[in-house]
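Here is the structure we will look at.
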Amino acid sequence: MKKCDRGMPNLIELTKMQQQAVEAKGERILVSAGAGSGKTRVLVERFAHLVEQHGCPPEKIAALTFTDQAAAEMKERILARIRTGQADLHVLTFHRFCGQILRENPLLADVDPAFSILPDSRAKHLLRRLVMQQLRESEDPQIGLLLQQVQSVDLADILLALMQKGRERPLTWDEWRVQTEQTAMDLRKRAWSSLQESLRALQEFEQSRVVTAPGTVLRMEKIGKLWNGLSPQLRASGPERWDADAVSEMYPVLEAIMSEVTLTVAQAAKPLFARLSKLKKEKLWEDLLTDQTASLRHSLFDLMSRTHREYEASKQTAGWCDFSDLQDRVYHLLSRHQGVRERYGSLYSHVLVDEYQDTNPLQQAILELLEQGRRETNTAGSLFMVGDRRQSIYRFRGAEVKGFDAVQAALGERDCYLELRDNFRSTASLHALVSDLSATLFAEPVPETKEAVRADFPDLEILVPAFEERRSMTESEAHLLARRLRQLGPGVWGDTAILLQTRTHLAVFAKALHSSGIPYVMHEDSRFWSSQEVQDLLHVLRVLADPEDAVALLGFLRGPLIRMPDVELWKLAGASGLVQGFWMVQSAARAELERWRVELSTQPLTDWLHHLLYGERLEAKIGGRSLGILVQLAEEGEEHGIVTLDALLAWWRDLEAAGEKVSGRSRTQEQNAVKIMTIHAAKGLEFPIVCLPDLTHRQSAMMKRFHLCEQQGLAIRSVAKQGGQTLAYAAAAQRETAALAEEKKRLFYVGVTRAKEKVILSGAASACTEKRALEECSNWWDWLPFLFPDLQEKGLCDREILGRGWKAQVLNDASIPVFAKVRVQEAVELLTESDQAERQEVPRLLFRPSQKIWRVTELTARLTGQEENEAPPWMYQPRSQREQGLRPQEWGQIVHAVFEHLTPHDDEQAIRAQRIPAALARAGYADAALTAEVWERMREELAMYRRSALFQEMSRAVHREHEVPFSMELAPGLQVNGVIDALWLRDDGKATIVDYKTRRCETEREVEQLMAQYGTQVQLYALAVERLLGWEVDRVGVYMTAMGRFVEVGYGKEVREELLKGASLVAEREQEVWDLSS
4 MKKCDRGMPN LIELTKMQQQ AVEAKGERIL VSAGAGSGKT RVLVERFAHL
54 VEQHGCPPEK IAALTFTDQA AAEMKERILA RIRTGQADLH VLTFHRFCGQ
104 ILRENPLLAD VDPAFSILPD SRAKHLLRRL VMQQLRESED PQIGLLLQQV
154 QSVDLADILL ALMQKGRERP LTWDEWRVQT EQTAMDLRKR AWSSLQESLR
204 ALQEFEQSRV VTAPGTVLRM EKIGKLWNGL SPQLRASGPE RWDADAVSEM
254 YPVLEAIMSE VTLTVAQAAK PLFARLSKLK KEKLWEDLLT DQTASLRHSL
304 FDLMSRTHRE YEASKQTAGW CDFSDLQDRV YHLLSRHQGV RERYGSLYSH
354 VLVDEYQDTN PLQQAILELL EQGRRETNTA GSLFMVGDRR QSIYRFRGAE
404 VKGFDAVQAA LGERDCYLEL RDNFRSTASL HALVSDLSAT LFAEPVPETK
454 EAVRADFPDL EILVPAFEER RSMTESEAHL LARRLRQLGP GVWGDTAILL
504 QTRTHLAVFA KALHSSGIPY VMHEDSRFWS SQEVQDLLHV LRVLADPEDA
554 VALLGFLRGP LIRMPDVELW KLAGASGLVQ GFWMVQSAAR AELERWRVEL
604 STQPLTDWLH HLLYGERLEA KIGGRSLGIL VQLAEEGEEH GIVTLDALLA
654 WWRDLEAAGE KVSGRSRTQE QNAVKIMTIH AAKGLEFPIV CLPDLTHRQS
704 AMMKRFHLCE QQGLAIRSVA KQGGQTLAYA AAAQRETAAL AEEKKRLFYV
754 GVTRAKEKVI LSGAASACTE KRALEECSNW WDWLPFLFPD LQEKGLCDRE
804 ILGRGWKAQV LNDASIPVFA KVRVQEAVEL LTESDQAERQ EVPRLLFRPS
854 QKIWRVTELT ARLTGQEENE APPWMYQPRS QREQGLRPQE WGQIVHAVFE
904 HLTPHDDEQA IRAQRIPAAL ARAGYADAAL TAEVWERMRE ELAMYRRSAL
954 FQEMSRAVHR EHEVPFSMEL APGLQVNGVI DALWLRDDGK ATIVDYKTRR
1004 CETEREVEQL MAQYGTQVQL YALAVERLLG WEVDRVGVYM TAMGRFVEVG
1054 YGKEVREELL KGASLVAERE QEVWDLSS
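Oh and the sequence shown: position 430 is 433 in the working numbering, straight run, nothing missing.
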């Protein structure tokens, strides 16, 4: 690879590095452009340079990118730069570029000249229907056995994903099959070679007499005798030469050898036994002897090939091409027809590619074919690729960073490689910080840049939440971030973006902003509308809007609310059709739909949708965490006069068709609001302040039962072992885990490089990890001590961290004040009216530190003159490996969750199978053994409760609620928050309130002390219920779960007056403190 030659003129306003890239000479030019380095400017100037300095006609240049928006922006900038009226420049997305070639060569490409593009959603629906049809009609015993373990609906989804992934590579299904079989045999050979080597090494080690422990020596001797008992021919042979007799002879020998393999051996022998234990795990040695999934693989390939042929025939009949066709057919057109390849290779003598790191193997192959065509015609030209391997984050779309690496490694003497290191997006100090983080993440040398002048304010903040009894750690983290943004003030909200790894906790952060009076706007990428949970809910809504919608009804019946098997669907459809059959037969589901439809006619649309999701628990039943976004979209629709379900669904269809990414707020609202989106949706955007919360979110390699990868083809789990591992699947899982770990680093890098001035990090944890290396960490929060080594020594206490020209700051929960709630509209209006005000003046006008929100426990302690119980520090620390069982705090949380959610209909089976696992899951556990342990420990307490008069009263209640959050103003400037464990409305129209406590009291004196501590707290609960719900409360108390005892406290007019009087005194005292401090 040669150094770049410098061309003619000096380009105005370009840096030296940018100018080198623009003028670079070579057949293939790869430009590694870091975040904010001005790569789009370089692409535009490269285009202009080719036209102005090399005399290249604009029509002989193709500039390719990935989105219509990026293509339109680049085309506009090129036209403005070269000042030509020529509007038909070839600045296109890959798909449009390929579509153009197909329309120019319909006969050779075997497509309808007037083909239509089949949208992804319809293509997926068609392919899924064909997969289901093949499964239904299959008589293959392997498929039949598989269907006994996996429902047809779930299996169809797995196969659908498999077929979509297979089309990302330029391979036919027959080629995939050949590659898979070759790889399967190679894996068996390598496993056998490893076993031979391990057993030889073990024999040599045993003969060396290094270990004298009798148990270990005996195991090694047994293994040696068993191995030597096999014939020398078999020991020296390989899987490719084994027949049935050989396998029969070897099976009992290997089974006996593996029975002796354990890690409870002498320390010196452990490494050798560990190598053998990898094959013992899930009986992988059986897969070594016989390829147990070979028959199933053949059956699956046959099924997918048949489905593919049916899919292609359906498209051809209708005159369709899907998006994968556009690239696949162009690849085959160029590879099979030299004349076509040469024509386009010479026609587009210069090809410019934006975001090269996001190309998939098929796109890379097309570019190589265009290069080949140019060389075959001896046409002078170049392939100019701009990208950044550190920003490759689209593996789920088929993009592989190894494509970028492969091109870089293959560059020769006639090619050129450059790097753009300057950053025009971030401040110098933030850029210095990101450079240091990048050096650690990617094991790169620290760049030799001029040391930045450290800013007065921190370039990066780390927020450390505290544990709150009535909130999950994620909710505590979200509220802490909202408080920090409140502290910064409305002047920065419009400049701030909250970027999340996934949409899992998106609604949690949106709710925290809303409760803090901070306006926000959701940005969603187009995948939101095609996500399964959104589609499942839309099916329900469309059936409610139009009972005759057969497609929606089919989705509703197949969805998570009904889960009707295909056999039953066919029976239901019968001769009269699906719609009529449903309304005639499915009385229970029909009645439910009718009830929801009646409720819709009596409520505002958004209230009804909210009740449907949370009151009727559709969100939990469907299983999506992003459905709350639809409620927000409904609220925004109301602002535009959309108040009927039909109109709302039509508007959502328009948003989906337009690829809408931003909720329908006004421009002013959007400009003044915090943006919430995923990091993927933020790619290519920039914001003055970027918040990266949810750092404790763990991403794991979630592989389905079948996995397709370029390196080894199809890897599947064993049917015989009920989904157990196979050699191929274990190898694929290891490769996938490693690839995901690297992409997590790149995703973090993309997130922090969206910031121009400041980055705020936070996670649902309050301590650093004890891991020894960054590679051992399972989430971003655990990376912090490795990214900021000071944290390893001093922990997450409030402090500054000074780096090479940058400053970071750790802020704990107690460092950030609590503010009173302000309505979002009021905040926006005040902000709009004070556009000319200094940023730091706005928060002082809006928020006063004295207007704090009191926790009910905190206020109770002030009213009663007691000290608020502080949780011991160990409650907030990560669990050590030596620690076993549940901590007392965790046990209390689990008991609360089970007792609060218990219903009269829950029998022993429901408690063991649902209530206890759900409570453990909320505490972060998913352990069947722990479930059994909790049940045994809790069984007697539950039995006492179910026999109690209190439970019988709850069972007869006309209305029940549990975990009810509230916020009320007890006195001017005194707002109190709390969560009521349980309350119910009796048939006499009066309410009972219960607070559950797990403490065991041995004496009456201890009971009195407990009630002195909590009596006032439950009286405050009663006051909140009366004020906020309008219910008359006449029974209030504490139920002691360990004793099976309900202790009532008095409540009435005198108690209410005493509470309000005490609250007023507390508020006055707080005002006095504020006045003195002012």
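All C-beta atoms, glycine included, are put in the ideal place defined by N, C-alpha and C. Note that the coordinates shown come from a computational prediction; the quantities given were computed from them, not determined experimentally.
Cα-Cα separation between residue i and residue j, rounded to whole angstroms
i, j, result
"E956", "T1001", "21 Å"
"L233", "A247", "15 Å"
"D143", "L205", "44 Å"
"V412", "L33", "Reading off the sequence shown, one finds Ala at residue 412, where the question assumed Val. Cα to Cα, the separation comes out at about 11 Å."
"R1003", "V1010", "9 Å"
"I679", "I81", "32 Å"
"E893", "F460", "39 Å"
"E422", "M20", "7 Å"
"L110", "E178", "25 Å"
"R807", "L483", "29 Å"
"K78", "L621", "46 Å"
"S441", "L743", "17 Å"
"E16", "A741", "42 Å"
"M567", "A921", "25 Å"
"S781", "Q56", "52 Å"
"E689", "L355", "24 Å"
"A402", "E739", "14 Å"
"V755", "V437", "7 Å"
"A194", "L292", "10 Å"
"L162", "E171", "15 Å"
"Q167", "D793", "46 Å"
"W784", "V813", "13 Å"
"V1041", "Y752", "51 Å"
"E619", "L564", "12 Å"
Spatial neighbours of residue i in its chain, beta-carbon cut-off 7 Å, leaving aside the 5 residues before and after
i, result
"L3", "With the chain running from 4 to 1081 in the structure shown, residue 3 is simply not present."
"T1019", "T863, L866 and T867"
"V54", "P61 and I85"
"Q295", "E289, S721, A723 and T729"
"S338", "L372"
Close Cβ partners of residue i (< 8 Å) along its chain, the five nearest in sequence each way excluded
i, result
"R959", "R989 and D990"
"C712", "A718, A735, R738 and E739"
Neighbour-count burial assignment, residue i, 16 or more Cβ in a 10 Å radius
i, result
"N363", "buried"
"T647", "exposed"
"T906", "exposed"
"L509", "buried"
"C324", "buried"
"R344", "buried"
"T3", "Residue 3 is absent from the model: the chain starts at 4 and stops at 1081."
"L805", "exposed"
"H526", "buried"
"S35", "buried"
Bridge-paired residues (DSSP) for residue i
i, result
"K761", "I692"
"F387", "I32 and L355"
"Y420", "L33"
"S251", "In DSSP, S251 forms no bridge with anything."
Cβ of residue i within 9 Å of any chain D Cβ
i, result
"A770", "The structure shown contains no chain D, having only a single protein chain."
Cβ shell of residue i (< 6 Å), same chain only, five flanking positions each side left out
i, result
"Y314", "L130 and L133"
"T310", "L133, V134 and Q137"
Original post:
Looking at C-beta atoms only, is the number of pairs between the segment 156-164 and the segment 262-275 that lie closer than 8 Å three or more?
Top reply: no
Original post:
Would you call the segment 64-79 and the segment 90-98 in contact, with 3 or more CB pairs under 8 Å?
Top reply: With contact defined as three or more Cβ pairs closer than 8 Å, the segment 64-79 and the segment 90-98 are in contact.
**OP:** Determine contact between the segment 766-783 and the segment 388-406, defined as no fewer than three beta-carbon pairs at a distance below 8 Å.
**Re:** The answer is no - the segment 388-406 does not touch the segment 766-783, with fewer than three Cβ pairs under 8 Å.
**OP:** Would you check if there are 3 or more beta carbon pairs closer than 8 Å linking the segment 963-972 to the segment 929-939?
**Re:** Flag = no, the segment 963-972 and the segment 929-939 do not touch.
Original post:
Would the segment 271-281 and the segment 165-177 be scored as touching if the rule is three or more Cβ pairs under 8 Å?
Top reply: no
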